[in-house]
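Engineer: Residue numbers (this note's numbering), protein chains in the order written: chain S, 638 to 829; chain L, 638 to 829.
1. Which bits of chain L does residue 828 of chain S rub up against, with CB to CB less than 7 Å?
2. Quick check on residue 692 of chain L: does DSSP put it in helix, strand or coil?
3. Quick check: the Cα distance between residue 700 of chain S and residue 715 of chain S, rounded to an integer number of angstroms?
4. Between residue 719 of chain L and residue 646 of chain S, what straight-line distance do the alpha-carbon atoms span, to the nearest angstrom?
5. Is it true that the stretch 783-794 of chain L meets the stretch 818-826 of chain S, where meeting means three or more beta-carbon pairs spaced less than 8 Å apart?
6. Report the residue from S:706, S:792, S:725 whose alpha carbon sits nearest the alpha carbon of residue 776 of chain S.
7. Report yes if the CB atom of residue 741 of chain S is closer than 8 Å to the CB atom of residue 655 of chain S, and no otherwise.
8. Cβ closer than 7 Å: which chain L residues qualify as neighbours of residue 823 of chain S?
9. According to the neighbour-count rule (16 or more other Cβ atoms, all chains shown, within 10 Å of its Cβ), is residue 729 of chain S buried or exposed?
10. Does the beta carbon of residue 786 of chain L sit closer than 8 Å to a beta carbon anywhere in chain S?
11. Using a cut-off of 8 Å between C-beta atoms, extract the partners of residue 790 of chain S located in chain L.
12. Can you give me the start and stop residues for the alpha helix (DSSP H) that residue 682 of chain S sits inside?
13. Among L:651, L:665, L:667, which one has its Cα closest to the Cα of residue 674 of chain L?
14. Could you check if residue 745 of chain S is buried or exposed, using at least 16 other CB atoms within 10 Å of its CB as the buried criterion?
15. Using C-beta distances below 7 Å, list every residue in its chain close to residue 797 of chain L, excluding the 5 sequence neighbours before and after it, in chain order.
16. Could you tell me whether the Cβ atoms of residue 702 of chain S and residue 648 of chain S are closer together than 8 Å?
17. With 16 as the cutoff for other CB atoms within 10 Å, does residue 685 of chain S come out buried or exposed?
18. Could you check the C-alpha separation between residue 738 of chain S and residue 803 of chain S for me, to the nearest Å?
19. What residue range does the alpha helix (DSSP H) around residue 736 of chain S cover?
20. Compute the Euclidean distance between the alpha carbons of residue 708 of chain S and residue 721 of chain S, then round it to the nearest angstrom.
21. Ends of the alpha helix (DSSP H) at residue 668 of chain S?
22. In angstroms with no decimal places, state the Cα-to-Cα distance between residue 687 of chain L and residue 755 of chain L.
23. Check this for me: beta carbons of residue 807 of chain S and residue 801 of chain S, under 8 Å apart or not?
24. The alpha helix (DSSP H) with residue 786 of chain L in it runs from where to where?
25. Beta-carbon separation of residue 659 of chain L and residue 668 of chain L under 8 Å?
26. For residue 768 of chain L, report the span of its alpha helix (DSSP H) as first-last.
27. Distance, Cα to Cα, residue 758 of chain S vs residue 743 of chain S?
28. One question on the structure: do residue 695 of chain L and residue 749 of chain L come within less than 8 Å of each other, judged by their Cβ atoms?
29. Under a three-way DSSP split, which group does residue 653 of chain L fall into?
30. Please tell me whether residue 731 of chain L and residue 791 of chain L are closer than 8 Å, where the distance is taken between their beta carbons.
31. Return the CA-CA distance between residue 676 of chain S and residue 711 of chain S, expressed in angstroms with no decimal places.
32. Tell me which residues share the same chain as residue 704 of chain S and place their Cβ nearer than 8 Å to its Cβ, disregarding the 5 neighbours each side in the sequence.
33. Which value, in whole angstroms, describes the spacing of the CA atoms of residue 690 of chain S and residue 670 of chain S?
34. From this set, S:662, S:778, S:666, which residue's C-alpha is nearest residue 752 of chain S's C-alpha?
35. Just to confirm, is the Cβ distance from residue 661 of chain S to residue 747 of chain S under 8 Å?
36. Tell me where the alpha helix (DSSP H) around residue 821 of chain S begins and ends.
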């Protein structure tokens, strides 16, 4: 039918993969949206149905905050604030940070680490994520300062886990690494 | 006696106060060592007996790491890793971060926050402090990953406490604020 967009299976994933390949191969600044679409075997217009711009490929994952917040809300009633956050991290390990997506996420991290302006945006995204965690905990009835502390601990655990998981040579799953990091934090507070 | 340096009481403190006053009044980059010595009523040579350069006034406090590490080593045997760090923070509250020094430390913070290169140095200093805390805990027999986690929690608590303590309108002591932050972290891990 004339004028109707053709539906491409996994277009978003294919475009993200193509973009990250190109960012690594020829540099982020030397890659255009046309290059990305071409590499993915898709039209430029298809790119713009999925992403606002080239940067959007790196920062489009709005669903991360959503998934984390939903899983924190669904954590068992008798979970401590940190355990509720750990429940959220488990959810990320089962959706965004799967073994299949590790190479892609590691490539994304390498591109961001090489560009101060992208790192700045990543830091801002992290701060907004931490604030969302604190709000999700407050909605579970956790007192303000404790929710704030737990959110910061959660952000710390997420950062460690993300760095280890995307680190070269690692083969452990995101969920296992997150559980290990949470248990190190618990030991730091409890162990004599 | 010819050639013998005159001993000036509290020269280091007077120079630090003068420097921070000038940094705030006319800007860090518009202040010279000669200005600082003059404002303090001391000779330029006296300045260089206490500090390497203008930057040294802001980053000369090597004693902070030393005091923290010493107090961590001296914490009771039955202290958890986080409590041992809290013991170190108490020591800072009794020596460097006293009520008398709050205005000076707050001014130092304002100067650093206004200069990206100074902030970068402050961040590096923080990373080195965190590593020192982890080593001090490992020497107490805390396992590597737990010592690392406790050091990062300690760095987080130190950062919050420092920001609150130097924040405008605050009148609470550093030690009290640190204890409150530690207890928020404990509640985040323990409270159901």
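Cβ atoms here follow ideal geometry from the backbone N, Cα and C, with glycine treated the same way.
Structural biologist: Short version:
1. 717, 718, 783
2. helix
3. 26 Å
4. Straight-line measurement puts the Cα of residue 646 of chain S at about 51 Å from the Cα of residue 719 of chain L.
5. yes
6. S:706
7. no
8. 826
9. buried
10. yes
11. 790, 793, 822, 825, 826
12. 681-687
13. L:651
14. Looking at its Cβ environment, which holds 16 or more other Cβ atoms inside 10 Å, residue 745 of chain S is buried.
15. Residues 818 of the same chain have their beta carbon placed closer than 7 Å to that of residue 797 of chain L, with the five preceding and five following residues left out of the count.
16. Contact: no.
17. exposed
18. 10 Å
19. Run containing residue 736 of chain S: none; DSSP gives neither H nor E here.
20. 8 Å
21. Neither: residue 668 of chain S is in no alpha helix (DSSP H) and is coded neither H nor E.
22. 20 Å
23. yes
24. 781-803
25. yes
26. 753-776
27. 17 Å
28. Cβ atoms of residue 695 of chain L and residue 749 of chain L: closer than 8 Å.
29. Helix.
30. Between residue 731 of chain L and residue 791 of chain L, the gap from beta carbon to beta carbon reaches 8 Å or more.
31. 40 Å
32. Contacts found: 725, 728, 729, 732, 733.
33. 7 Å
34. S:666
35. yes
36. For residue 821 of chain S, the enclosing alpha helix (DSSP H) has its first and last residue at 811-827.
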